[in-house]
Structure formats: structure tokens, C-alpha cells
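Numbers given in the working numbering equal positions in the sequence shown, counted from 1, plus 28.
We put the beta carbon where it would ideally sit given N, CA and C, even for glycine.
Data block below; observations after.
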Amino acid sequence: MELLNKTLSAIQEPDATSEEKALERLNSLTKPQGSLGVLEDIVVKLAGIYRTPKVVSGPKVVLVMAGDHGVVEEGVSAALQSVTPEMVLNFLAGGAAINVFARHSGAKVVVTDVGIAAPPINDENLKHCRIRSGTGNIAKGPAMTREEAVEALEVGIRLVNEEIENGAQIIATGEMGIGNTTPSSAILAAFSKRPVEEITGRGTGIDDKCLERKKKAIASAIEINKPDASDGLDVLSKVGGLEIGAMAGVMLGAAARKKPVLVDGFICGAAALIASSLSAMSKKYMIASHLSKEPGHKVMLDLLGLKPFLHMDMRLGEGTGAALTFPIIEAAIKMYNEMATFEEAGVVM
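Below you can see the structure in the form of C-alpha cells.
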């Protein structure tokens with residue numbers, strides 16, 4: 029709890045002066061003011077986060093957290109739980125979508141076992157931070173203890189601190205865990221108070237019968253566990269996931285170290301809700317990469333006050349949407365640094 033408390037106390041308001049100076053430069057460039065829309069907005073946001081109007085590109089990292097969920101016992105997923113460790117091996121071998129997109133954008137991928145329900149994977153490139161082998165079945169009881177929830181958050185904080193110490197300037201979150209849209213929907217239900225039917229989607233593509241089981245499991249999780257929306261740790265421990273907690277820790281750690289964090293899709297959005305409930309200020313360090321096809325994702329982003337970059341009907345997870353957003357952010361930074369001003373170009377308006 030000491031690391032979590034220290035991190036929360038270190039999260040500060042982004043620097044308004046740097047934002048103003050960045051906007052002044054943007055308004056002096058050879059274009060109508062505001063004509064590059066979100067590209068201009070992101071530069072201003074980065075200036076405030078980095079606390080300098082001299083915004084430059086830097087090393088990028090995607091932190092992928094893996095964990096399993098006891099609620100798969102309820103038949104809420106089309107895939108078997110054994111897919112989680114198999115996909116982790118695929119990540120480590122560089123064969124997954126996140127690896128392809130990260131290579132395309134020049135980002136490093138770091139994979140962590142926070143709570144896979146399988147024998148440990150023997151690979152030196154895997155971060156071994158397992159707290160327990162999968163969560164409890166939230167349809168029947170809490171996902172984890174409050175102490176385990178804190179531990180999951182602190183795993184994420186330690187990992188992002190390590191990457192920042194190694195030079196990372198922009199962070200992205202990703203995940204792997206069969207069944208994890210179910211706890212994510214439960215987290216959203218706890219915070220939004222919206223009907224389960226409105227915010228529960230098909231995840232990996234489940235059929236109608238499976239979708240009904242999923243809705244029933246989420247409703248049971250809320251009724252049995254009674255998560256307290258005023259206490260993010262309570263929500264995480266009762267209806268969350270270990271990988272969700274670790275991603276929330278990454279978001280908090282990045283904010284404390286004054287670094288932006290790209291939030292991927294629906295499961296990462298659930299982590300962002302946990303992080304923002306523990307520190308409302310942390311939202312100002314988050315960048316929504318895309319709008320997932322999951323019906324609850326827009327509700328999440330509205331609660332967070334975040335506007336997504338991409339609208340591509342994606343629902344894979346892994347951090348794929350975040351990795352695709354890296355080049356857009358870099359384009360915005362290049363525009364900011366390389367475009368001529370009206371004065372430099374000799375253009376009189």
C-alpha cells in the first residue's frame with residue numbers, strides 16, 4: 029500500500045503555462061488556427077503533461093498484462109481459458125497483432141504474467157509477477173482480496189517505473205485474459221449504474237445463449253458483491269481482474285511520473301475507470317486510442333471525459349488500438365516542430 033499511496037500523492041495537474049505556449053506556437057504555424065483539429069489538441073495536452081512547450085518524440089512501450097478469470101466457469105466466453113497462456117507464448121514469439129503493430133510503430137512490447145491460471149511459463153522475456161492463478165468467480169463471490177487488488181496495482185506501478193527509468197516517454201496499456209470483458213462490464217456497471225443489458229457485448233464473438241449467460245453472470249456479480257463505486261479498490265477486488273488492476277497501476281504510475289498513457293479498448297477502459305476513481309487527476313494523463321465495438325466502451329469514455337482517435341470497429345485488445353495510435357501522435361509532434369510559422373515562410377495573413 030505504501031507504493032500506491034506514494035504514487036497517488038505524486039500525481040499533479042498538468043502545466044497550464046506549457047499548454048498555453050504550445051498553443052501559441054500552433055497558432056503561429058502556416059495554417060488556419062485549429063485547422064488540424066485533434067492533432068493540435070494532442071500537442072497541447074502533451075506539452076502540459078511533459079511540462080514543457082518543447083514537445084519531442086521519445087521511446088514508446090506497450091505494457092501487456094495477462095491474467096485469467098474464474099467467471100469463465102459460467103460459460104461466458106467462446107474461447108477456452110487455455111488460450112491465455114498460448115497467446116502469451118505468441119506475444120513472446122512476436123507473432124500476435126500487437127507485435128506486428130508495435131513493430132510498425134517502433135514500440136517495445138513488455139508482457140507480464142499477473143495472474144494466469146496455468147503452470148508458469150518458462151521464458152526469460154516474460155515478466156513474472158503472478159499474484160494468484162486467476163481470480164475467483166465473480167458471479168459467486170469476490171474476484172480477489174483487497175490486499176491482492178493493491179498488489180495488482182503496485183505491479184503495474186513498478187513495471188511502468190522501470191520502463192520510464194529505461195527511457196520510455198509514452199506508455200500504452202494492453203491485456204490478455206479469456207473472459208475479461210465480463211469483469212470489465214461489471215466494473216462499468218458498478219461505476220455507471222447503467223443496466224447490464226446496455227453495456228454488455230459479445231467479446232470475442234459469443235452467440236446469443238452465451239451472451240445471456242454473460243449478462244446473468246454480471247448481474248449476479250453486482251448483486252452478490254455489491255461493489256462500492258466510491259471506492260475503486262472495492263470495485264477492483266470484488267468484480268475486477270488482476271490484469272485490469274495492473275493496467276490501472278500503469279496509468280497511475282505514468283501520471284505520477286508525468287508521462288502520457290494510451291488507453292486501448294474496453295478492458296483497458298475498465299482499468300482507466302479504476303485508476304480515475306483512485307485519482308481523478310490521472311484522467312488528464314490518459315489518451316483514448318480508439319472506440320471499441322463493445323457497446324459499453326463509449327459509456328466508459330464518456331465517464332472518463334476522453335475522446336477516441338480511431339473508429340475502426342476493433343475489439344481485439346492486446347493494446348492494438350493504442351499501438352496504431354502511436355504514429356498519429358508522432359505525426360502531430362512532427363507537425364508542431366517542423367511546420368514553418370507565417371513569419372518564417374514570409375506569408376502575410
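| Could you give the distance in angstroms between the alpha-carbon of S304 and the alpha-carbon of G143? | 23 Å
| said: Taking the alpha-carbon of L31 as reference, which of G260, L280, L331 and V138 has the nearest alpha-carbon? | reply: L280
| said: Looking only at its chain, what residues have a beta carbon closer than 7 Å to the beta carbon of A24, apart from the 5 residues adjacent to it on each side? | reply: Since the displayed the chain opens at 29 and closes at 377, residue 24 lies outside it and no answer follows.
| Could you give the distance in angstroms between the alpha-carbon of T173 and the alpha-carbon of T210? | 19 Å
| Do the segment 92 to 100 and the segment 48 to 68 make contact, defined as three or more Cβ pairs closer than 8 Å? | no
| said: For R79, count the other beta carbons within 10 Å of its own beta carbon; 16 or more makes it buried, fewer makes it exposed. Which is it? | reply: exposed
| request: Give the secondary structure of H132 by DSSP, where H, G and I count as helix, E and B as strand, and everything else as coil. | output: helix
| task | Report the partner residues of L91 according to the DSSP bridge assignment. | result | V138 and T201
| query | Between the segment 145 to 163 and the segment 250 to 258, are three or more C-beta pairs nearer than 8 Å? | reply | no
| query | DSSP on A368, reduced to helix/strand/coil? | reply | coil
| said: Please give me, in chain order, every unbroken run of the alpha helix (DSSP H) with length at least 4 that falls completely inside the segment 221 to 299. | reply: 224 to 227, 236 to 253, 260 to 267 and 270 to 284
| request: Within 10 angstroms of the Cβ of A121, are there 16 or more other Cβ atoms? Answer buried if so, exposed if not. | output: exposed
| message | Please state whether the Cβ-Cβ distance between T58 and V327 is less than 7 Å. | response | no
| Does DSSP classify A377 as helix, strand or coil? | In the sequence under discussion, the amino acid at residue 377 is Met, which differs from the Ala named in the question. The answer is coil: DSSP assigns M377 none of H, G, I, E or B.
| said: Distance check for D236 and K136, CA to CA, integer angstroms please. | reply: 38 Å
| query | What does K155 pair with, by DSSP beta-bridge criteria? | reply | T140
| query | Is K311 closer than 7 Å to L332 when the C-beta atoms are compared? | reply | yes
| said: Suppose only complete runs of 4+ residues qualify. What are the alpha helix (DSSP H) ranges in the segment 163 to 219, listed by chain order? | reply: 174 to 193
| request: Would you identify the three-state DSSP class for M314, choosing helix, strand or coil? | output: strand
| message | For a test of the three-state rule: what should DSSP assign to L57, helix, strand or coil? | response | strand
| query | What distance in whole Å lies between the Cβ atoms of M340 and H325, which are believed to be in contact at a cut-off of 8 Å? | reply | Not really, about 12 Å apart at Cβ, beyond 8 Å.
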